[in-house]
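Residue numbers (this note's numbering), protein chains in the order written: chain A, 199 to 1051; chain D, 199 to 1051.
All C-beta atoms in this analysis are idealised placements derived from N, C-alpha and C, irrespective of residue type, glycine included.
A short write-up of the structure that comes next.
Protein chains: 2
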Amino acid sequence: MKNVFLFNESYHMNKEILGGKGKNLVEMQRINLPIPNGMIVTTDGCREYFKNNNSLPTLIIDEIKAGIKRLELATGKTFGGENPLLVSVRSGAPVSMPGMMDTILNLGLNDKTVENIISRTNSEKFALESYVRFIEMFSEIVMGIDKEKFHKNKSNISSLREVIEIHKNFFKAETGKDFPQNPLDQLLFAVESIFGSWNNERADIYRNLYSISHDIGTAVVVQEMVFGNFNNLSGTGVAFTRNPSTGEKEVFGEYLLEAQGEDIVAGIRTPEPLHRLGTQLPEIYTQFIEIANILENHYRDMQDIEFTIENGKLFILQTRNGKRSPYASIKIGMDLVNENLITKEEAIMRIDTTLLPQLFTGNFDEKDLKNKKFLGKGLPGSAGVAVGKVALSCHSIKEGEDYILVRKETSPEDIKGMSLAKGIVTVKGGATSHGAVVARGMGKCCITGCESIKIDASEKFFTLGDTVVKEGDIISINGFNGDIYLDAVKLEPPRLDHNFREFISWCKDIKKLQVRMNADTPTDIIVGKSFGAEGVGLCRTEHMFFEDEKIWSVREMIIASNKEERDLALEKLLILQRKDFYEILKELSGCPMNVRLLDPPFHEFLPKTEKDIVKLADFTNRTFENIKERISELKEENPMLGHRGCRLAVTFPEIYEMQATAIIEAALQCKNENIPITLEIMIPFIGGISEFKYIKERILNKIALVFEENSDSIDFKLGTMMELPRACLLADEIAAESDFFSFGTNDLTQTTYGISRDDSIKFIDFYKEKNIMKRDPFQSIDTRGVGKLLTLAKTLGNETKPGIKIGVCGEHGGDPKSIEYFHDLGLDYVSCSPFRVPIAIVAAAQSKISKTN
Amino acid sequence: MKNVFLFNESYHMNKEILGGKGKNLVEMQRINLPIPNGMIVTTDGCREYFKNNNSLPTLIIDEIKAGIKRLELATGKTFGGENPLLVSVRSGAPVSMPGMMDTILNLGLNDKTVENIISRTNSEKFALESYVRFIEMFSEIVMGIDKEKFHKNKSNISSLREVIEIHKNFFKAETGKDFPQNPLDQLLFAVESIFGSWNNERADIYRNLYSISHDIGTAVVVQEMVFGNFNNLSGTGVAFTRNPSTGEKEVFGEYLLEAQGEDIVAGIRTPEPLHRLGTQLPEIYTQFIEIANILENHYRDMQDIEFTIENGKLFILQTRNGKRSPYASIKIGMDLVNENLITKEEAIMRIDTTLLPQLFTGNFDEKDLKNKKFLGKGLPGSAGVAVGKVALSCHSIKEGEDYILVRKETSPEDIKGMSLAKGIVTVKGGATSHGAVVARGMGKCCITGCESIKIDASEKFFTLGDTVVKEGDIISINGFNGDIYLDAVKLEPPRLDHNFREFISWCKDIKKLQVRMNADTPTDIIVGKSFGAEGVGLCRTEHMFFEDEKIWSVREMIIASNKEERDLALEKLLILQRKDFYEILKELSGCPMNVRLLDPPFHEFLPKTEKDIVKLADFTNRTFENIKERISELKEENPMLGHRGCRLAVTFPEIYEMQATAIIEAALQCKNENIPITLEIMIPFIGGISEFKYIKERILNKIALVFEENSDSIDFKLGTMMELPRACLLADEIAAESDFFSFGTNDLTQTTYGISRDDSIKFIDFYKEKNIMKRDPFQSIDTRGVGKLLTLAKTLGNETKPGIKIGVCGEHGGDPKSIEYFHDLGLDYVSCSPFRVPIAIVAAAQSKISKTN
């Protein structure tokens, strides 16, 4: 088996053998673009190296030697000769693999060849500088010597020759060996080092993290050097074939004359915008624009191209699909479709859904960030960025001004304050804490678990790191990565234009999964519909309970000592809830509406402050002590597994009866007004069929009464949340009585794993760090464990009721990885917060396309 | 199809058709015992009655009439005639069915036949009394008139004739009809009423409760009356063929001359012991003893016989297997085996395991109960009875005196107090609360959830109902039913003798499931071994943490801010734990020892009182504030699903490393001293294979080090608790790495149902009451839901590791119904608290026998 190939021998070979970088170079040579010649040691060679106890087998060494011979023949230069062959050596794996060693330039230089180059080019400075750079790169990358030490060597020394001597001596002192003078030795060292770096710790961790096989290995690209720093007819540059920020069709780039690629990156000199090259070297510019077009058409995507001009001659050093902003990714994809370069499906598949939230929230201006003081870091709770005054309590927030709410943690009582704030920071809690969940639902930026914030007991300031931040001070927060800055960071604006809307309509035409929203108010519904939602998959009736003064009637109902008292309070609530449901149904105007009956344990609704306890005592004509006692009675050891969901309806059937009445009366009112309705009612936290039947019977009886009183009726479905393992295990029985299933994947994940989301923050980071969990199962569905229950429930459900409608209303309904899984499983719909609806629509379309291909 | 049969036509028919009572009478007639003649309306007849809209079809009425004709022929008496036929009418379903109407005597009496009887017997009083009783019974049972009203009629009236008139008038006033005079009408009314009562509410609830089909129906037995109150050669009695309390082989009973069966029950006259009959009516006595022997041999079990003597002639009215004390049930079973009447297997199958706990705890003297004041009722938490002084805190308990600990709830800190108390009462908590679980483990009587107890804030007294009970007052508590009495109720002593031990050894020979104990101390192990335990299935290392002063080092370890501090505290604990393990292994002397590594969340170990916080601050050289802050940091929303089990070992691997070191060093010490050991180490709360592998590697590395340091090694197994749905769903992967599985069915039930045991008290009673749950799933395993996960885990486990050892160490391991399920599932062992070991052994043997048959 051959392990070393010249570029022109490898046209038929694939990326798995040549590596990504190598394959692109070979491909460019194949279509006759100006590429410095070279050869590739393949990934097969890398595996042979491992088999041979991590050293190059003689056969491969011989092949490399033979390869160099042929490269010498092709270039007319020789390794260590009069016209010396200099090469770059780069690693290039089949998949992008940060963590490995990367690039060595100018290999082939030694004490002799450097003089030959001086005499051939008459440019001593260029040659000596190249040698210095080679010694530094080789020492650092191959031998692992700290770069900083070399920089020290150079200080206060003016002669480059002197630097070379000092460097070489230093090399010997550090390694015990002379700096290698034989270019072939240099090359073999370099190849071995690159292969060896495949197994360094950083690369290993990276592969584990992204589930990349440890066996694929890397290739090594050995390519003739071209020098942008050779003379004033030389230069180097980087360009995108379209604007990576706006997506506009215009070649967009920068260049520097008399410079090597590194010089642009290092930022010592400011590069020129590419169009200036049209003036400076017009022929080269025209040639480059032509090549850029060829490459974009060839790869059918926007390209990110590196080039070098050596003494008036253009060389392309690299091309790859260019990174772009979420906005540009949509614009470019749609333009490429309109240019007939790609299909709609391809355009959709190219969208990275994880970046879409930036479209709705904007982002920090990267440049301005550098001028701002970084304060500290929490967990990214909800995507987006926000700038505002610090508010340490909801009461500090004044309407019409921008605030960042900073709290130890948030609770349902903070909803109003959260809705007024621009962004939220919590000291406690993870990505699935109350704060984060609500913030994502509101499309608001949020940082959670910023445990280094110490809020002062006076609640007038907090400290973060060494900075004291007072209420009213301005901070800027980044929910994409958890960063917190002092003062106002400049913002790039959000973009959500007609392009985007058209793109979403493409996705809707293609996808199979219905995408609904989790929404509790008419405002939610307006937002969600504008984002493309096709109905409501989860209307949490309890969220309405916190609005305005409703909470006091809710509390009165909870505090009730007996059914009579409870009924009185429920009567008040009936009127309020009926109005809520009517307004929502009207706004939906026939789109499906799925209402979940009361789910959380009572104590979540109870007052927490002394002041509110006093108010409740007044409101209900009870004593302060009595209210406190009742609150303590309602406290639970494990509220997540306590007296909640349908269990409340077993002990107090009148609550669900009231809610069913409110829903049905609202629907009848709509019918009277010729507003179309599609209604589903859902019972949460069902553990088995007896429980469901018991509640179903009571609800249906109540609804029959409402129909009778109104001499009218409507169609509706009555179904179950599937959020407990037992319900999934017995889904065949449940399907016999239930019109549909809605998977509550949050609670199902909690119970299947036995992990409380609220408490997981104490250990889940360790799990991810130590690679015990690849992903947080509360963000992306655990397909192997929880997924088994979903599959079982679907199979069993269909046994009893073929084609039973099944949806997902947990937060996973807005997560692209999970959506793909739900699509593959053949579910009917997902439901997520309104601000995640576009993401879900794109992800659903992508799932459909990848399943079809 | 025929629906009415005379006794002598029905010898071939079964209990399902004749009912239990009917079948026994027919059987006695078949073997020529003196039975009053009669006929049976079958359960088929009952079903016809339902089909005919709850009224008797004409065909059946005709059959009943024909049956009466033949009975008249057989007895020489006629319905309503000169020599009047009087009958008893009783219901008799195929299974024992409380809640239905029962017995009507003397049917056939009317204004005319009562006179005929007077003239035939010359006993006006007897005849009139019989008529009065018939009117009362018929009115109450058939017409549903309140018995008390008749009793009022009788007050201050001396003439029986007058009573009859008043009764009849009252009957007419209540029902609007004359008291029926036609005996056939009387009979048809009675039969219809009995059939109708099959569907009364009480019967319905009973059938739901015991999963009895609603379709089986009841039969009606119509039998010629015999009168024990006829004259002084008449009488009535009840006898057991063996002593139902001691099991001794001696006919044991009571009788009254000139009385009907009711008179014995009513307790108006004191009955004579049966042997006195040998003096009063020696021939009858001899005949009875002979019949008793025949019946016992015929039914191959101790019989409970009702008899009546009418004018010097003996009649047997009923025989059935006699109820007996748990002690007698063992003694009688063993004696019957020795008498070659039954097999060992039959003797074992006859034991009601739910009553066995009385053997270890004794019971209240029933008679003495009537003299004591009943205070109130809680939930039966742990079987047994106890008498002692009230202690409202553990500190009030003085050693050497009997105390009942009464607490709002118990916590691990109360362990010592609980172990000193005779019994425990808690205001909060259910049958699976901490108090109940620990009490059962200790074999101690316990009542939980007695919410009507109000403990005064001074903690010097409590009120229960209208009684104030002070500390030091004596109360008596019954853990079998939750009853609490004031003062000391007399006790019957517990019995656990050589009979019992031999019986257990029979069971051990037969059973297949190994029975182990959940035990944490050498004392536990001595008790468990004496009860027959075959090893330890669950040694909860954390229980040891509460003993003596160990808790302070545990707290120091928890409070540690970093690994260094934690390691220092762990070093102290290592020495203490090693000693614990050594003592336990020594006591076990080669029986299997399964140690579970640390499981509960840290905060369970932390001090709860200010005083203890101060002590911990001193002990660890920290500030009071610092300790309080740490305690608050460790607080969790849902500790059951929090940072516990192996999650502690992922974040702090040094804890399990210390425990593994302690266990292995203890085992090596045993090996040195030639003490045999069988060691299993088990990791709790595993959710998936990555987690287990991560911890396993660290533990094995540590153990390898210990082996190296000691230049010695031992065999041991390392396995997983299976207590989370996800572990069960992925058991195939886990089995690849785990030596064994141990189902933790408590936590598995909590997570599968999504129910926190601690909080379930608020709603689980409603669930049982409303028949949504047949049984508390924390007491008997939920075979349909949780069982599916167990089955799945076993199947998947065996796919990867055929024959993998699987046990159960949840509390279900001591529950007979659950044990039967585990046996059927083919598990290897169950483990339960030492005091439940004999129950588990009997249940395991029963499971094996019923599976074999």
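Residues of the region 816-845 of chain A in Cβ contact with chain D at a cutoff of 7 Å, in chain order, please.
E834, E835, N836, P837, M838, L839, G840, H841, R845
Quick one: does T918 (chain D) have its CB under 7 Å from some CB of chain A?
no
For I503 (chain D), which residues does DSSP report across the bridge?
D:A437, D:T517
Provide the residue span of the beta strand (DSSP E) that contains R714 (chain A), from first to last.
712-716
Can you tell me whether F729 (chain D) is buried or exposed? The criterion is at least 16 other CB atoms within 10 Å of its CB, across all chains shown.
With 16 or more other Cβ atoms within 10 Å, it is buried.
For my contact list, V424 (chain D) and P234 (chain D) are in at a C-beta cut-off of 8 Å; report their separation, rounded to the angstrom.
Going by Cβ atoms, the distance from V424 (chain D) to P234 (chain D) rounds to 5 Å, so yes, they are a contact pair.
In chain D, which residues lie with their C-beta within 8 Å of the C-beta of S888 (chain A)?
N969, I970, M971
Quick check: the Cα distance between S650 (chain D) and P805 (chain A), rounded to an integer number of angstroms?
26 Å
Buried or exposed by the 16-neighbour rule on C-beta atoms within 10 Å, applied to G274 (chain A)
Exposed: under 16 other Cβ atoms inside 10 Å.
Proximity to G843 (chain D) [Cα-Cα], best of D:Y854, D:E834, D:K833
Nearest option by C-alpha distance: D:Y854.
Is it true that the region 380-394 of chain A meets the region 245-255 of chain A, where meeting means three or more beta-carbon pairs spaced less than 8 Å apart?
yes
Closest Cβ-Cβ distance between G954 (chain A) and chain D: below 7 Å?
This sequence places Ser at residue 954 (chain A); Gly is not what is there. Yes - at least one Cβ of chain D is within 7 Å of the one on S954 (chain A).
Around the C-beta of F822 (chain A), are 16 or more other C-beta atoms found within 10 angstroms, so that it is buried, or is it exposed?
F822 (chain A) should be labelled exposed.
Spatially closest choice to M791 (chain D) from D:S759, D:V1040, D:D722, D:I829, by CA coordinates:
D:D722
Tell me, please, whether the CB atom of L928 (chain D) is closer than 7 Å to any CB atom in chain A?
yes
K575 (chain D): first and last residue of the uninterrupted alpha helix (DSSP H) it sits in
First-last for K575 (chain D): 572-575, but that is the beta strand (DSSP E), not the alpha helix (DSSP H).
Which residue's Cα is closest to the Cα of G586 (chain A): A:Q379, A:S674, A:M547, A:G451?
A:S674
Give me the chain D residues within the contact set of F941 (chain A), using Cβ-Cβ distance strictly less than 7 Å, ordered along the chain.
The contacting residues do not exist; F941 (chain A) stays about 14 Å from chain D at best.
Ends of the beta strand (DSSP E) at L455 (chain D)?
450-455
Would you give the residue range spanned by the alpha helix (DSSP H) that N495 (chain D) belongs to?
That run of the alpha helix (DSSP H) goes 480-497.
Whole angstroms are fine: how far does the CA of D945 (chain A) sit from the CA of T624 (chain D)?
32 Å
Under the rule that 16 or more other beta-carbon atoms within 10 Å means buried, what is H412 (chain D), buried or exposed?
exposed
Just confirm the distance between the C-beta atoms of L772 (chain A) and M856 (chain A), as a whole number of angstroms; I'd bet it's less than 8 Å.
The C-beta distance from L772 (chain A) to M856 (chain A) rounds to 5 Å, short enough to meet the 8 Å contact threshold.
Where E889 (chain A) and L768 (chain A) are concerned, what is the direct C-alpha to C-alpha distance, given to the nearest angstrom?
Taking the straight line joining both Cα atoms gives about 23 Å.
For the structure I just gave you, are there three or more beta carbon pairs, one from the region 470-478 of chain A and one from the region 515-523 of chain A, closer than 8 Å?
no
Closest to T739 (chain A) by C-alpha separation, out of A:M755, A:N569, A:D718, would be which residue?
With distances taken between Cα atoms, T739 (chain A) lies closest to A:D718.
Does DSSP put N977 (chain D) in a helix, in a strand, or in coil?
Reading off the sequence shown, one finds Gln at residue 977 (chain D), where the question assumed Asn. Coil at Q977 (chain D), not helix or strand.
Helix, strand or coil: which one does DSSP assign to A731 (chain D)?
coil
Quick check on the DSSP output: the alpha helix (DSSP H) that includes G265 (chain A) runs from which residue to which?
Where G265 (chain A) is concerned, the enclosing alpha helix (DSSP H) stretches over 256-273.
Which term fits R638 (chain D), buried or exposed, when burial requires 16 or more other beta carbons within 10 angstroms of its beta carbon?
If you draw a 10 Å sphere on the C-beta of R638 (chain D), you find 16 or more other C-beta atoms in it, and that means buried.
Three-state secondary structure assigned by DSSP to Y683 (chain A):
Of the three classes helix, strand and coil, the one that applies to Y683 (chain A) here is strand, per DSSP.
S940 (chain D) and G1011 (chain D) closer than 7 Å at C-beta:
Not in contact: S940 (chain D) and G1011 (chain D) (Cβ atoms no closer than 7 Å).
Using a Cβ-Cβ distance cut-off of 7 Å, determine whether L922 (chain A) contacts chain D.
yes
Would you verify that the beta carbon of K1003 (chain A) is, or is not, closer than 7 Å to some beta carbon of chain D?
no
Have a look at the DSSP bridge pairing and note the partners of R738 (chain A).
A:R794
Nearest residue (CA-CA) to F961 (chain A), options D:G952, D:V635, D:R973, D:P799
D:P799
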